[in-house]
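Below is one structure; the comments refer to it alone.
6 protein chains.
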Amino acid sequence: MKVTVCRKEHFNAAHRLYNQEWNDERNDEVFGKCNLPNYHGHNYDLIVKVTGEIDPRTGFVMDTKVLKDIIREHIIEKFDHHNLNLDVEEFRTLNPTAENIAVISWDILRKKIPVSLELKVVLFETERNFVEYTGE
Amino acid sequence: MKVTVCRKEHFNAAHRLYNQEWNDERNDEVFGKCNLPNYHGHNYDLIVKVTGEIDPRTGFVMDTKVLKDIIREHIIEKFDHHNLNLDVEEFRTLNPTAENIAVISWDILRKKIPVSLELKVVLFETERNFVEYTGE
Amino acid sequence: MKVTVCRKEHFNAAHRLYNQEWNDERNDEVFGKCNLPNYHGHNYDLIVKVTGEIDPRTGFVMDTKVLKDIIREHIIEKFDHHNLNLDVEEFRTLNPTAENIAVISWDILRKKIPVSLELKVVLFETERNFVEYTGE
Amino acid sequence: MKVTVCRKEHFNAAHRLYNQEWNDERNDEVFGKCNLPNYHGHNYDLIVKVTGEIDPRTGFVMDTKVLKDIIREHIIEKFDHHNLNLDVEEFRTLNPTAENIAVISWDILRKKIPVSLELKVVLFETERNFVEYTGE
Amino acid sequence: MKVTVCRKEHFNAAHRLYNQEWNDERNDEVFGKCNLPNYHGHNYDLIVKVTGEIDPRTGFVMDTKVLKDIIREHIIEKFDHHNLNLDVEEFRTLNPTAENIAVISWDILRKKIPVSLELKVVLFETERNFVEYTGE
Amino acid sequence: MKVTVCRKEHFNAAHRLYNQEWNDERNDEVFGKCNLPNYHGHNYDLIVKVTGEIDPRTGFVMDTKVLKDIIREHIIEKFDHHNLNLDVEEFRTLNPTAENIAVISWDILRKKIPVSLELKVVLFETERNFVEYTGE
Chain A
3 MKVTVCRKEH FNAAHRLYNQ EWNDERNDEV FGKCNLPNYH GHNYDLIVKV
53 TGEIDPRTGF VMDTKVLKDI IREHIIEKFD HHNLNLDVEE FRTLNPTAEN
103 IAVISWDILR KKIPVSLELK VVLFETERNF VEYTGE
Chain B
3 MKVTVCRKEH FNAAHRLYNQ EWNDERNDEV FGKCNLPNYH GHNYDLIVKV
53 TGEIDPRTGF VMDTKVLKDI IREHIIEKFD HHNLNLDVEE FRTLNPTAEN
103 IAVISWDILR KKIPVSLELK VVLFETERNF VEYTGE
Chain C
3 MKVTVCRKEH FNAAHRLYNQ EWNDERNDEV FGKCNLPNYH GHNYDLIVKV
53 TGEIDPRTGF VMDTKVLKDI IREHIIEKFD HHNLNLDVEE FRTLNPTAEN
103 IAVISWDILR KKIPVSLELK VVLFETERNF VEYTGE
Chain D
3 MKVTVCRKEH FNAAHRLYNQ EWNDERNDEV FGKCNLPNYH GHNYDLIVKV
53 TGEIDPRTGF VMDTKVLKDI IREHIIEKFD HHNLNLDVEE FRTLNPTAEN
103 IAVISWDILR KKIPVSLELK VVLFETERNF VEYTGE
Chain E
3 MKVTVCRKEH FNAAHRLYNQ EWNDERNDEV FGKCNLPNYH GHNYDLIVKV
53 TGEIDPRTGF VMDTKVLKDI IREHIIEKFD HHNLNLDVEE FRTLNPTAEN
103 IAVISWDILR KKIPVSLELK VVLFETERNF VEYTGE
Chain F
3 MKVTVCRKEH FNAAHRLYNQ EWNDERNDEV FGKCNLPNYH GHNYDLIVKV
53 TGEIDPRTGF VMDTKVLKDI IREHIIEKFD HHNLNLDVEE FRTLNPTAEN
103 IAVISWDILR KKIPVSLELK VVLFETERNF VEYTGE
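Chains as they are written, first to last, in the numbering used here: chain A, 3 to 138; chain B, 3 to 138; chain C, 3 to 138; chain D, 3 to 138; chain E, 3 to 138; chain F, 3 to 138.
Listed below in structure tokens is the structure:
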């Protein structure tokens with residue numbers, strides 16, 4: 003009897019999309035206004051989903067307060083009010099697209115969430131653009 | 003050609019989280035302010051998802067009006083404007099966490115939805131805390 | 003040049019609507035299922051709006067972090083995860099309708115917000131039922 | 003390492019539900035007010051989800067601008083501000099239920115999205131009624 | 003001590019925008035795709051706001067259940083699942099723009115809401131296009 | 003008979019809050035993490051409200067397509083995917099708080115919206131922080 007518990011957190015960050023190995027023309031062609039040099043930003047929403055058995059003593063798969071604290075300590079502290087390209091080590095050489103932010107977030111959380119629980123993340127860059135990642 | 007049809011309903015209920023076999027200190031430690039003795043409450047949103055073949059005569063997998071009526075008769079009537087701990091038989095001895103409310107809702111609906119249809123529920127306790135259950 | 007700054011906070015609480023001077027029959031007639039004796043609850047959203055001149059040194063009418071802290075200390079701490087009828091002194095004899103919760107919230111905040119700023123509150127009991135109060 | 007990229011678009015359309023082979027009485031019985039002869043309408047939201055490997059040069063599974071353009075050219079242009087029953091060839095003989103609109107949308111998009119990417123659609127007819135289709 | 007009580011209801015309707023005294027060319031020029039002859043439609047949200055004194059016996063300005071019933075009987079029954087141009091008498095000769103739907107709704111409700119209460123309506127045609135009307 | 007027509011548009015931008023005349027310590031004290039040197043960002047939503055008489059020929063106070071085009075040309079083009087501090091002339095010396103972005107937006111739009119129409123703007127920096135400005 004497996005239930006998935008989901009927690010939504012958010013962070014506000016600046017970023018810019020470009021490939022450091024390409025020239026400006028090619029970056030403009032591929033990334034358009036997302037490549038503008040002085041950065042733009044988003045209100046990101048991150049939904050973290052963990053799946054496992056209900057503990058019969060608590061009725062919880064995982065206490066959402068504990069899940070919230072893990073997300074805030076390891077993801078929100080790292081990304082919130084920062085420039086993803088300049089301030090976050092993982093994005094020094096990795097393009098901070100929604101896809102890559104989701105993968106990096108999953109990788110960080112996977113080490114902090116008990117291994118008995120499956121992990122999935124959903125990252126909203128805007129209300130209309132979002133990505134899902136399950137680690138597979 | 004299987005399609006999933008989803009219907010969202012809502013109910014407003016009071017609850018309190020605690021384990022009857024634990025003392026107050028342990029309940030406070032685990033459940034924090036969710037364990038306060040006079041109850042608190044939520045606007046719950048329940049999404050019910052049924053998956054099956056489209057009936058070529060109607061274009062429906064299941065008429066959402068029928069699905070709505072089933073949810074309202076068997077779940078909303080039972081939970082809405084009630085105290086889950088005191089008024090709902092299933093939670094007399096079962097802690098009314100989001101996980102357990104989802105499982106109980108699924109169990110009730112499973113008996114009312116045609117067996118040819120797969121069933122999944124999503125229960126929002128708040129906009130930021132929600133759970134998913136597929137009966138597996 | 004007056005600007006209105008708005009901050010949304012939320013709390014989860016239980017309540018029950020009834021007039022202590024009426025008998026059960028009359029309370030049922032007027033309040034229906036909102037009068038059920040074991041309480042129900044809501045995810046309340048409170049929007050606090052303050053109107054005033056922009057401080058040219060900061061660009062703020064009022065720092066939303068300061069406004070957030072005032073709301074959390076004086077309203078959320080008092081109402082969140084509580085039973086409004088039993089736990090909140092103001093509602094011992096006052097029916098905790100959305101209207102009255104808004105008025106009490108405004109009265110509390112009015113003493114904490116600088117008098118140079120106009121104050122308005124909007125209280126959502128559900129997505130479909132909400133009230134507005136300006137102190138007039 | 004597969005990531006799912008999602009894009010939400012919307013269209014406003016009129017429709018009416020009925021089975022051309024049934025008489026009025028039977029159509030009323032099955033479709034109720036959705037069968038009213040002069041049509042009604044909806045603000046439809048369509049979420050298109052594509053799953054595949056991240057291109058290491060761009061950090062994209064698929065550029066959401068490209069995905070947006072495909073949806074707008076092949077779905078939105080066809081459905082938006084139209085009467086689904088009268089103006090859209092696919093629904094001349096097929097009942098434009100949410101289920102069938104999702105299947106038709108998937109079929110159209112499947113031909114326009116690279117075959118290396120899995121495709122799923124979610125169609126909201128209202129905030130409370132929506133369907134999901136994966137082509138299986 | 004005046005409080006404003008707000009209730010949100012919704013209806014799904016078809017409509018088409020055009021001026022019967024203009025030729026097709028002029029209608030196309032002014033109304034664009036909103037003038038397409040076979041109608042399109044929307045999920046309309048109507049927020050009705052009534053302002054008045056709190057009744058000290060109930061804590062209500064107006065019972066939202068009563069307000070809901072008035073809106074459903076006089077507005078939703080009339081507009082929901084209908085074609086505004088063809089089925090609603092008021093729009094036989096009046097263009098069913100969001101502005102005019104708001105004014106007609108206000109006029110209808112004004113006769114049903116106690117005169118001691120101020121009345122305001124907000125009508126959402128889409129999430130991005132909405133109008134407000136206070137009768138002034 | 004005055005109606006208010008509202009249109010919501012959005013832009014994604016980077017910004018940083020600080021007073022150029024203050025030292026780092028004082029800026030940190032007042033603006034906290036909003037003052038981090040490499041910028042952060044938001045998905046801003048801008049609601050523009052215009053109030054005036056309904057034109058009896060069209061049923062419009064103002065065509066929302068025209069209003070949308072004005073907002074996009076004069077506000078969205080200027081702010082979207084830009085760094086407000088570095089790329090937008092008005093914020094070279096003016097702190098880009100929500101308050102100041104609202105005032106600048108209103109000033110720009112006031113020159114483009116017919117003088118017969120009253121103008122109000124609402125700017126959402128996040129779902130929980132927003133400001134309103136009427137030019138008064």
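Note that CB positions come from ideal geometry on N, CA and C, so glycine has one too.
Contacts that residue i makes with chain D (C-beta to C-beta distance below 9 Å)
{"i": "residue 56 (chain B)", "result": "99, 101, 102, 105"}
{"i": "residue 40 (chain E)", "result": "16, 41, 84, 85, 87, 88, 89"}
Closer than 9 Å at the beta carbon, the chain F residues around residue i
{"i": "residue 92 (chain E)", "result": "None at all; the shortest Cβ gap to chain F is about 12 Å."}
Same chain, Cβ closer than 7 Å to residue i, five either side skipped, listed in chain order
{"i": "residue 131 (chain B)", "result": "100"}
{"i": "residue 37 (chain F)", "result": "18, 19, 20, 29, 30"}
{"i": "residue 90 (chain C)", "result": "80, 81, 84"}
{"i": "residue 104 (chain C)", "result": "123, 125, 133, 135"}
{"i": "residue 92 (chain E)", "result": "106"}
Element boundaries [beta strand (DSSP E), containing residue i]
{"i": "residue 9 (chain B)", "result": "4-17"}
Residue i: contacting residues in chain B (beta-carbon distance under 7 Å)
{"i": "residue 133 (chain D)", "result": "5, 6, 7, 8"}
For residue i, three-class secondary structure by DSSP
{"i": "residue 62 (chain B)", "result": "coil"}
{"i": "residue 90 (chain C)", "result": "coil"}
{"i": "residue 72 (chain A)", "result": "helix"}
{"i": "residue 2 (chain B)", "result": "This structure gives no information on residue 2 (chain B), because the portion of chain B shown stretches from 3 to 138."}
{"i": "residue 129 (chain B)", "result": "coil"}
{"i": "residue 97 (chain D)", "result": "coil"}
{"i": "residue 45 (chain D)", "result": "strand"}
{"i": "residue 37 (chain F)", "result": "helix"}
{"i": "residue 120 (chain C)", "result": "strand"}
{"i": "residue 138 (chain E)", "result": "coil"}
Beta-carbon contacts of residue i that lie in its chain and below 6 Å, excluding the five residues immediately before and after
{"i": "residue 16 (chain A)", "result": "41, 43, 85"}
{"i": "residue 7 (chain D)", "result": "52, 63, 64"}
{"i": "residue 134 (chain A)", "result": "124"}
Cross-chain neighbours of residue i in chain E, by beta carbon under 8 Å
{"i": "residue 63 (chain F)", "result": "101, 133"}
Start and end residues, alpha helix (DSSP H) containing residue i
{"i": "residue 33 (chain F)", "result": "26-33"}
{"i": "residue 109 (chain C)", "result": "100-112"}
Cutoff 8 Å; reference residue i; Cβ partners in own chain excluding five residues on either side
{"i": "residue 77 (chain C)", "result": "11, 13, 48, 107, 110, 111"}
Chain A residues whose Cβ lies nearer than 8 Å to that of residue i
{"i": "residue 136 (chain D)", "result": "Correct list: empty, because the minimum Cβ distance to chain A is about 13 Å."}
Chain F residues whose Cβ lies nearer than 7 Å to that of residue i
{"i": "residue 59 (chain C)", "result": "21"}
Near-chain D residues of the segment 4-16 of chain B - C-beta to any C-beta below 8 Å: For the segment 4-16 of chain B, residues whose beta-carbon sits nearer than 8 Å to a beta-carbon of chain D comprise 4, 5, 6, 7, 8, 9, 10, 11.
Going along the segment 118-131 of chain F in order, which residues come within less than 7 Å of chain E, judged by CB to CB distance? If the cut-off is 7 Å between Cβ atoms, the segment 118-131 of chain F has nothing near chain E.
Positions along the segment 18-35 of chain B whose CB lies within less than 9 Å of some CB in chain A: For chain A, the residues of the segment 18-35 of chain B that bring a beta carbon within less than 9 Å of one of its beta carbons are 19, 21, 23, 24, 32, 33, 34, in chain order.
What residues from the segment 67-84 of chain A come within 8 Å of chain F, judged by C-beta to C-beta, listed N to C? Against chain F - using a Cβ distance shorter than 8 Å - the residues of the segment 67-84 of chain A are 82, 83, 84.
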